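Quick notes on the structure that follows.
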Amino acid sequence: MTARRRGLLRFGLAMGAGLVLLAVVGPALAPFDPTAPVAPQLAEPSPPGAPFWLGTDDLGRDVLSRLLHGARISLMVGLVAMLVTMVIGTALGLAAGYFGGVVDVILMRFTDVMLAFPGLLLAVALVAVLRPSVWTIFVVIGLVSWTGVARVVRGETLSLRERDFVLAARAMGAGHGRILLRHVLPNVAPTLVVIAALSTSGTILLDAGLSFLGIGVPPPTPTWGRMIQEASTYYRVAPWLMAFPGLAVLYAVLAFNLIAYGLTDEAKGTP
Amino acid sequence: MTVRKDRAVTARVAALVLLGALAAGCMRDAPLDWPARDPGSQRGGVLRLAAPDDVPTLDPALSYDSRSWTYQLHLFETLVTYDDASRIVPLLAERWTVSDDLRHYRFELQPGVVFSDGSPVTAADAAGSIERVIDPKTRSQGAEYYRGIRGAAAYADGSAPHVAGLQALDATTLVIELDEPDPLFLDKMALLFASVLPIEYARRLGDDFTDQPIGSGPFVLREWRRGERLVLARNPRYRRTDRPFLDGIVEYAGVNSELAWLKFLSDEIDLSGIPTADFPSVIRNPDATGTLVRGPTLVTNYIGLNCQMPPLDDRRVRQALNYAVDKDDIVELLNHRAVPAKGIVPPDMPGYTAEVAGYPHDPAKARALLQEAGQGAGFTTELWTQSSDLDLKLGQKIQHDLADVGVTMAIKQVAWSVFLEAIRQPKTTPLFDLAWSADFADPSNFLDVLLHSSRFDANNHSFYANPRFDGLVERARTMRASAERTRLFVDAERIVVDDAPMLFLYHPISYVMTQKRVHGYAIHPLLPSRYMDVWLDPEPGQGASAGS
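Heads up: the sequence lines are chains A and B, in that order. Here the first sequence is numbered in the numbering used here, starting from 225 and rising by one per residue. Here the second sequence is numbered in the numbering used here, starting from -3 and rising by one per residue.
Dropping the structure here:
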């Protein structure tokens, strides 16, 4: 691994750690109730300044408090939806790659069909059908973003299943489950870690996108995407309302992208 | 009429699609040529407008929305209309008489009036136009207003060739006979449903009438490119020579309220609403931007409470919710472009003063009432709302106020069509965010239409039923305007406020900004936007142009 990549990885990890720290202790640090009107006036956002360090929105709520509470939601959505994505994608990818034949054809054609749908539109449709809640968002984001994972895992598995150590295990009488979990999966793991980091930033963006369309995690829960959406009519008179949550999304996505980038060599370097 | 608000998600998706279309290279506006204005003359010029959606229809029988009505008001005329004080005044009818039993109406049309195609306006056209609205094949939502005409039912079910109670005695005399006394029938004749169309022509065109409308109004349709622009031009055959001042009106579609404001600031349009975000700074010095026009509305915004769904079936719970919500805060959120509601009938209703106390913000009282109703621990419920930015903003405010008294309210945003369908279903929408705009200036248009127990299928989405209230409203139905009738409505409204089948929120006030050169624009509480009296600053006289 090059020193530059290692540096980026460290930087990304530091940013990620900062984000996690914020998500854990942030809400406790929030100076105000994120859902309560605390500004002296409604309908006219206050600019940044004491005691509202990042200003207030049109409902008189403190932007900093909402941002801090939103960090937990955004990170949680990012990580949980990523896990859903990884579990579905890995399971289907492993099965398709390992068993091949009809199983492969069916699973991969299904993946192609899913890939053909624009992810955001599919998510919008699913949210419209299901009852909006945090859990719905986890599941919906997971359901629309597993396809890429499945393809990569299938590719890796295809080459792994012909390797000597797999053949050896099979010769020693190991079952499919054991081979998949003990021999194939650990060797796919480095790739998975990279995809996981990338997928986290992807899901954070998708969550922000859904919130922006007004169908993300429902209010009163503050989310960064919804903050941007609610600020969209105020961008000319109160640009800070949009800027701060926008920067927060940028920070989170950048953190996970740097981690993924830094890990790429690490993954390739593993035999 | 049920008021629909801006739809945010659709607008955003539409904006994306529009961007795509722009990128693909869209058609430029074909230039429109208008006659040159005489220097120094009040007459002439073109008013430029913009709106988010296209006009739904120009067929007066088929519309029930203010957008369509705005343009129909300029293309067509009714027999009677409203003056600025919302009193009935003549339009196509020169005079009329009403029998003492309120069942016989006789209209004398102005002689010599012609449609824009030159054919004369006759009493037969007036009778036929109403018959067309009653005809079930027309599928007009206005049909209900004219069912009281004798023989309307027989005509509607096909057993009679014409409506017996609609008689054109000669070219200018129309006689209408009703089954029951109706003190509001003149108001119904002022609705745009009752616009007088050249009936032979309208029947011949059928569904195509909306594209090639002909009426006797001050303007004619010059061009309508759906989703792009609607252009009206002066009707050369209009009976008044002093109106309209304008040569034409152009409305560009697909311009949301934000964009309309930016276009207004760059002088691309002449009239615009003021976005919430900009309002506080604009209102401090409106003259710096243009001419501010303000006017009350006969509109009530409320949160309906479904009286059949526990725990909202308990009056105390409904009262508690009313005490819990701070209406003054909501009015502040609306930039004070509203007055807090105390009851259901707007305070600007002519000839009516509500004598109700309403519900001041009192969370302690709300908690006490909930305790009394056995809901001291609070409960969970759901607010159904349209997906507009404003609805969501108010929803979050109400959500916060209710949380304060222990009520957890989720916000369910749905599309307008889904919303309309859902609120009609029994026991589906516990709380729903809605507004009602008066069709005519009478308290019954709120009390009877929205809350009588016979109207579960129509507009009583609260499923509110109180026999005592029903009795008062029914008695008023056939009474002539009088102090006694007003008294009945005041008593009825007191019962409603006490029963609280809704959270009474606010009555909006309209604000419109016009360019400084625009004059004569006024907001009417009942009628849609009117451009008949609008005129533009004259072009500079010859003295000024000679110098250049």
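Here a beta-carbon is modelled for each residue, glycine too, at the ideal position from N, C-alpha and C. Here the structure is a predicted model, which means the values were calculated and not measured.
Alpha-carbon to alpha-carbon, residue 101(B) and residue 229(B):
So the two alpha carbons sit approximately 34 Å from each other.
Nearest candidate by alpha-carbon position, reference residue 233(B), set 219(B), 227(B) and 211(B)
Closest by C-alpha distance to residue 233(B), out of 219(B), 227(B) and 211(B), is 211(B).
Residues of the region 267 to 298 of chain A with Cβ closer than 8 Å to any Cβ of chain B, in chain order:
For the region 267 to 298 of chain A, the residues whose beta carbon sits under 8 Å from a beta carbon of chain B are, in order, 267, 268, 282 and 283.
How would you list, in chain order, the residues of chain B whose beta-carbon sits under 8 Å from the beta-carbon of residue 351(A)?
Annotation: residue 351(A) has no Cβ neighbours in chain B at a cutoff of 8 Å; minimum Cβ distance is about 11 Å.
If you draw a straight line from the C-alpha of residue 11(B) to the C-alpha of residue 450(B), how long is it?
Confidence in residue 11(B) is poor, its pLDDT being 49 and thus under 50, which makes the residue's placement unreliable; the coordinate value appears in the next sentence. Near 42 Å, if we compare the C-alpha coordinates of residue 450(B) and residue 11(B).
I'd like the list of long-range same chain contacts for residue 518(B), defined as Cβ closer than 8 Å, with 5 residues on each side in sequence excluded.
The answer, listed in chain order, is 80, 289, 291, 526 and 529.
At a cut of 8 Å, does the region 245 to 253 of chain B reach the region 43 to 57 of chain B through at least three beta carbon pairs?
Between the region 245 to 253 of chain B and the region 43 to 57 of chain B there are three or more inter-stretch CB-CB distances shorter than 8 Å, so the stretches are counted as touching.
For the beta strand (DSSP E) holding residue 369(B), just list the boundary residues, first then last.
That residue, residue 369(B), is in no beta strand (DSSP E); it is neither H nor E in DSSP.
Look at the alpha carbon of residue 255(B) and the alpha carbon of residue 385(B), and state the distance between them as a whole number of angstroms.
Cα atoms of residue 255(B) and residue 385(B): separation of roughly 15 Å, rounded to the nearest angstrom.
What residues of chain B sit near residue 541(A), judged by a beta carbon separation below 8 Å?
Residue coverage of chain A in this structure runs from 225 to 495, which leaves residue 541(A) outside it and unanswerable.
Does the beta carbon of residue 467(A) come closer than 8 Å to any beta carbon on chain E?
The structure shown contains no chain E; its protein chains are A and B.
Shorter than 8 Å from the beta carbon of residue 389(B) to some beta carbon of chain A?
Residue-level contact by beta carbon holds for residue 389(B) and chain A, with a gap shorter than 8 Å.
Quick check on residue 230(B): does DSSP put it in helix, strand or coil?
In the structure shown, the three-state DSSP call for residue 230(B) is strand.
Are the region 378 to 391 of chain A and the region 466 to 475 of chain A touching, with three or more C-beta to C-beta distances below 8 Å?
In short, these stretches do not touch, since the Cβ pair count stays below three.
How should residue 353(A) be labelled, buried or exposed, when 16 other C-beta atoms within 10 angstroms of its C-beta is the threshold for buried?
Exposed, by the Cβ-count rule.
Apart from the five residues on each side of it in sequence, which residues of its chain come closer than 7 Å, Cβ to Cβ, to residue 487(A)?
Within the same chain, Cβ atoms closer than 7 Å to the Cβ of residue 487(A) are found at 233, 417, 418 and 421, the five residues on either side in sequence being excluded.
Could you check what DSSP says for residue 458(A) in three-state terms: helix, strand or coil?
Of the three classes helix, strand and coil, the one that applies to residue 458(A) here is helix, per DSSP.
What's the gap between the Cα of residue 376(B) and the Cα of residue 259(A)?
Rounded to whole angstroms, residue 376(B) to residue 259(A) spans 18 Å at the Cα level.
For residue 245(B), list the residues DSSP reports as bridge partners.
Residue 245(B) is bridged to 43(B) and 228(B).
Using CA atoms only, rank isn't needed, just tell me which of 226(A), 235(A) and 372(A) is closest to residue 318(A).
Here the closest residue by C-alpha is 372(A).
Under 7 Å by beta carbon: chain A residues contacting residue 383(B)
Residues of chain A passing the Cβ test: 438.
Helix, strand or coil for residue 382(B), going by three-state DSSP, please let me know.
Correct three-state label for residue 382(B): strand.
Below 7 Å CB to CB, which residues in the same chain sit around residue 336(B) once its five sequence neighbours on both sides are set aside?
Correct list, in chain order: 323, 324, 327 and 502.
Please list, in chain order, the chain A residues whose beta carbon lies closer than 9 Å to that of residue 325(B).
For residue 325(B), the C-beta contacts it makes with chain A under 9 Å involve 261, 266 and 284, in order along the chain.
Cβ-based contacts, 9 Å cut-off: residues of the region 457 to 483 of chain A near chain B:
For the region 457 to 483 of chain A, the beta-carbon criterion of a distance under 9 Å to any beta-carbon of chain B is satisfied by 457, 458, 459, 460, 461 and 462.
Within its chain, find whatever has a CB closer than 7 Å to the CB of residue 106(B); leave out the 5 residues flanking it on each side and keep chain order.
Residues 88 and 90 of the same chain have their beta carbon placed closer than 7 Å to that of residue 106(B), with the five preceding and five following residues left out of the count.
Where does residue 271(B) land, buried or exposed, given buried means 16+ other C-beta within 10 angstroms?
Of the residues assessed, residue 271(B) falls on the buried side of the cut-off, its CB having 16 or more other CB atoms within 10 angstroms.
Quickly, what does DSSP pair residue 217(B) with across the bridge? List them, please.
Looking at the DSSP assignment, residue 217(B) forms a beta bridge with 228(B).
For residue 250(A), three-class secondary structure by DSSP:
Three-state result, residue 250(A): helix.
For the region 159 to 174 of chain B, which residues have a beta carbon sitting closer than 7 Å to at least one beta carbon of chain A?
Against chain A - using a Cβ distance shorter than 7 Å - the region 159 to 174 of chain B contributes no residues.
Does DSSP put residue 372(A) in a helix, a strand or coil?
The answer is helix: DSSP assigns residue 372(A) an H, G or I state.
Could you check what DSSP says for residue 395(B) in three-state terms: helix, strand or coil?
It is helical.
Look up residue 535(B) in the DSSP assignment and say whether it is helix, strand or coil.
It is coil, neither helix nor strand.
What is the DSSP secondary structure of residue 174(B), reduced to helix, strand or coil?
Collapsing the DSSP output to three states places residue 174(B) in a strand.
Proximal chain A residues relative to residue 276(B), where beta-carbon distance stays under 7 Å:
Per Cβ cutoff of 7 Å: 267 and 268.
What residue from 408(B), 446(B), 444(B) and 113(B) has the CA that sits closest to residue 382(B)'s CA?
Answer by Cα proximity: 408(B).
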